[in-house]
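Each remark here refers to the structure printed beneath this line.
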Amino acid sequence: MNKIITLTTDLQLDLPDAKIRYHQNFLSNQESNYYFDTFSSKIPWQQEEVKVFGKIYAQPRLTSLHSKTMTSYKYAGLTLQPQPMTTELLSLLERVESICNHEFNCVLLNLYRDGSDSNGWHADNEKELGVHPQIASISFGSNRFFHFKHRSIKSENYKIELHHGSLLLMEGPMQEYWLHQIPKTKKPLSPRINLTFRKIT
Numbered sequence: 001m002n003k004i005i006t007l008t009t010d011l012q013l014d015l016p017d018a019k020i021r022y023h024q025n026f027l028s029n030q031e032s033n034y035y036f037d038t039f040s041s042k043i044p045w046q047q048e049e050v051k052v053f054g055k056i057y058a059q060p061r062l063t064s065l066h067s068k069t070m071t072s073y074k075y076a077g078l079t080l081q082p083q084p085m086t087t088e089l090l091s092l093l094e095r096v097e098s099i100c101n102h103e104f105n106c107v108l109l110n111l112y113r114d115g116s117d118s119n120g121w122h123a124d125n126e127k128e129l130g131v132h133p134q135i136a137s138i139s140f141g142s143n144r145f146f147h148f149k150h151r152s153i154k155s156e157n158y159k160i161e162l163h164h165g166s167l168l169l170m171e172g173p174m175q176e177y178w179l180h181q182i183p184k185t186k187k188p189l190s191p192r193i194n195l196t197f198r199k200i201t
């Protein structure tokens with residue numbers, strides 16, 4: 001059973017082998033609406049195919065990788081080729097870096113078109129991200145529940161509802177010891193866009 005975390009505008013969780021920071025009103029509603037509309041229409045979204053147990057499936061979401069260094073990124077058997085950072089992405093990158101004291105050089109965007117789009121249990125622990133990568137995630141559009149659980153401590157299992165314009169920071173060795181997901185839901189939902197800033201070394 002997930003422990004539902006009741007949110008205030010700001011939250012910090014010091015967990016075993018991880019630290020979570022959440023800023024619910026990182027961006028104003030007006031800014032968030034602007035970015036949602038801009039990314040919806042101007043990002044070159046694509047649906048990748050993944051191989052699972054020998055079968056090819058379309059990923060249940062759309063993605064787009066953007067980078068300052070134009071370095072490719074490998075995850076889940078895929079190799080994503082980056083697009084340049086847009087003016088809007090660079091502006092958000094600077095704001096994220098100013099609040100979390102980490103440097104980032106790329107961003108992976110995810111578009112969840114409705115409740116049937118999802119991202120299964122995983123960790124952002126690819127070699128290109130280095131040791132104990134820090135991940136910053138901005139949400140736009142429909143609220144979705146973000147689940148995270150410790151790999152070996154079964155009681156450490158949580159979910160947070162991520163809001164329009166919010167910022168979630170996953171810090172410390174979280175990607176080594178924890179898994180996270182955005183699960184499917186039967187609840188009728190409008191689209192959600194998620195930006196995950198990271199540093200490829």
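Its first residue numbered 1, the sequence shown is counted upward by one per residue in my numbering.
Note that beta-carbon positions come from the ideal geometry of N, C-alpha and C, so glycine has one too.
Check: Whether Q50 touches L78 by CB criterion (8 Å); Outcome: In the sequence on display, residue 50 carries Val and not Gln. Yes, these two residues count as a Cβ contact at 8 Å.
Check: Sub-8 Å separation of L109 and L195 beta-carbons; Outcome: yes
Check: N-terminal and C-terminal residue of the alpha helix (DSSP H) that L78 is part of; Outcome: Segment 78 to 80 is the beta strand (DSSP E) holding L78; no alpha helix (DSSP H) there.
Check: Cα-Cα separation between A119 and Y112, rounded to whole angstroms; Outcome: What sits at residue 119 in the sequence shown is Asn, not Ala. Approximately 9 Å, taken between the alpha carbons.
Check: Sufficient close CB pairs (3 or more, under 8 Å) joining the stretch 94 to 108 to the stretch 38 to 56; Outcome: no
Check: According to DSSP, residues forming a beta bridge with F145; Outcome: E161
Check: 6 Å CB neighbourhood of M174 in its chain, flanking five on each side removed; Outcome: A18
Check: 6 Å CB neighbourhood of H132 in its chain, flanking five on each side removed; Outcome: P173
Check: Close beta carbons around L65, own chain, < 6 Å, minus the five adjacent residues each side; Outcome: Y73, L80, P82, L108
Check: S137 burial status per 10 Å Cβ neighbour count (16 or more: buried); Outcome: buried
Check: Sufficient close CB pairs (3 or more, under 8 Å) joining the stretch 37 to 46 to the stretch 55 to 63; Outcome: yes
Check: Nearest-angstrom Cα separation, counted from F140 out to F26; Outcome: 11 Å
Check: Neighbourhood of Q12 by C-beta, 6 Å cutoff - its chain only, sequence neighbours within 5 removed; Outcome: R21
Check: Beta bridge counterpart(s) of L93 as assigned by DSSP; Outcome: Paired residues: none, contrary to the question.
Check: Range covered by the alpha helix (DSSP H) that runs through S41; Outcome: 29 to 42
Check: Distance, T87 Cα to K154 Cα; Outcome: 42 Å
Check: Three-state class that DSSP yields for S98 in the structure shown; Outcome: helix
Check: Same chain, Cβ closer than 7 Å to A58, neighbours up to 5 away in sequence not counted; Outcome: Q47, E49
Check: Length of the line joining the Cα atoms of N33 and H150; Outcome: 34 Å
Check: Separation of L129 from K199, as counted between CA atoms; Outcome: 6 Å
Check: Counterpart residues of V50 in DSSP-defined beta bridges; Outcome: Y57
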